[in-house]
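The sequence shown: position 30 = 36 (our numbering), numbered continuously. C-beta: ideal position from N, C-alpha, C; glycine also. Taking it in order: structure first as C-alpha cells, then the write-up.
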Amino acid sequence: MGPANLDALRTMGLDDRAIHDAVQVIAYFNYITRIADALGVEPESFIPPWGEPDQAPKHHHDRT
C-alpha cells in the first residue's frame, strides 16, 4: 500500500481511522490464516469449500 492507494481510499470517503481499522482487520485475518495453514487446520465440515466464483454455493434462506 502506498500513497496512491491511500489517496484512492480517502477519495472514497474513508478517513485515516477507517483505513487503519481496515488494515488491522485484514492483517489479523492474514496472520490467522497463515497460522492455521501452518498447523494444518482444516475448515469446519459445515463450511462449503470455495471454488470458482461461478461455482460458489447458492444459499436460499427460507423467509417464512
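Between the alpha carbons of leucine 12 and aspartate 21 lies a gap of roughly 9 Å. A distance of 9 Å or more separates the beta carbons of methionine 7 and valine 31. DSSP places aspartate 27 in the helix class (H, G or I) of the three-state scheme.
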